[in-house]
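Participant:
Residue numbers (the working numbering): 115 to 206.
Below is the structure:
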């Protein structure tokens, strides 16, 4: 088992905003986000801001704390996703 801890979306956003190495690169990155631990909990968007103005500044905390990753675009687009076949379900 890997001892490396995955980063959260908030941590990745902080690095992208504050780290000059990333801001000076001429390469696009894709951020992928895993479902938050509270994915099945009730979510409210009462105080999240305008719906038409979506930004990282008005995401719910559960998404900001969710595991996330950052990959350069060419690597992400050329990478084959490993998926398991879906199980067969029987009608009961």
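From the three backbone atoms N, C-alpha and C, an ideal C-beta is built for every residue, glycine too.
What is the DSSP secondary structure of residue 180, counted as helix, strand or coil?
Facilitator: What you label residue 180 is simply residue 66 of the chain shown in a count that begins at 1. Coil at residue 180, not helix or strand.
Participant: Go to residue 145, then tell me how far its beta strand (DSSP E) extends in each direction, as first and last residue.
Facilitator: Position 31 of the chain shown holds residue 145. Note, residue 145: beta strand (DSSP E), 143-147.
Participant: According to DSSP, simplified to helix, strand and coil, what is residue 190?
Facilitator: Residue 190 sits at position 76 when you count from the first residue of the chain shown. Any answer about residue 190 is weak, because its pLDDT of 48 lies below 50 and its placement is not dependable; what the coordinates show is given next. Of the three classes helix, strand and coil, the one that applies to residue 190 here is helix, per DSSP.
Participant: When burial is assigned at 16 or more other CB atoms within 10 Å of the CB, is residue 115 buried or exposed?
Facilitator: Within the chain shown, residue 115 is the residue found at index 1, counting from 1. Here residue 115 scores only 47 on pLDDT, less than 50, and its place in the model is too uncertain to base an answer on.
Participant: In the DSSP assignment, find the unbroken alpha helix (DSSP H) run with residue 126 in it and report its ends.
Facilitator: On the chain shown, residue 126 is found 12 positions in, with the first residue counted as 1. Start and end: 123-132.
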